[in-house]
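S.K.:
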Amino acid sequence: MIYESQSEGIEEDIANVTHRVLFVLAIATSIDAMAAGYAITLLEVDIAVACLIIGVTTFAFSWIGVNIGERSGVWLESKAELFGGLVLIAIAIAFKILLG
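My numbering puts the first residue of the sequence shown at -3, with every later residue one more than the last.
Here it is as structure tokens:
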């Protein structure tokens, strides 16, 4: 993401998102969700509670992300990908420290 933020032509790639690309992304997301569901069955947890927690968390973070994106899109426009890359690096460092 950081490399791409410094590359030219990314705006053209974003504008060319088609229904086919969205469909492929939906399939990839569904495969990830299926793997997570399989992993949950291996744990001794109540599946209904796990689904509720995952659903509420996903909704909350999606809602927060959309609202932050709407507000920051104007002033962060050209630096959004750089910012996203830095956030992912910060998350990785935090997990490394916590799981140490």
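All C-beta atoms in this analysis are idealised placements derived from N, C-alpha and C, irrespective of residue type, glycine included.
Go ahead and pull the three-state DSSP assignment for threonine 25.
M.R.: It is helical.
S.K.: What's the C-alpha gap between glycine 61 and isoleucine 23?
M.R.: Spanning the two alpha carbons is a distance of roughly 22 Å.
S.K.: Leaving aside the five residues before and after alanine 46 along the sequence, list all residues of the same chain whose C-beta is less than 6 Å from its C-beta, in chain order.
M.R.: Counting only Cβ-Cβ distances below 6 Å, and skipping sequence neighbours, we find Ile36.
S.K.: Beta-carbon within less than 7 Å of phenylalanine 79's beta-carbon, same chain only, minus the 5 sequence neighbours each way: which residues are those?
M.R.: Within the same chain, phenylalanine 79 has close Cβ partners Leu72.
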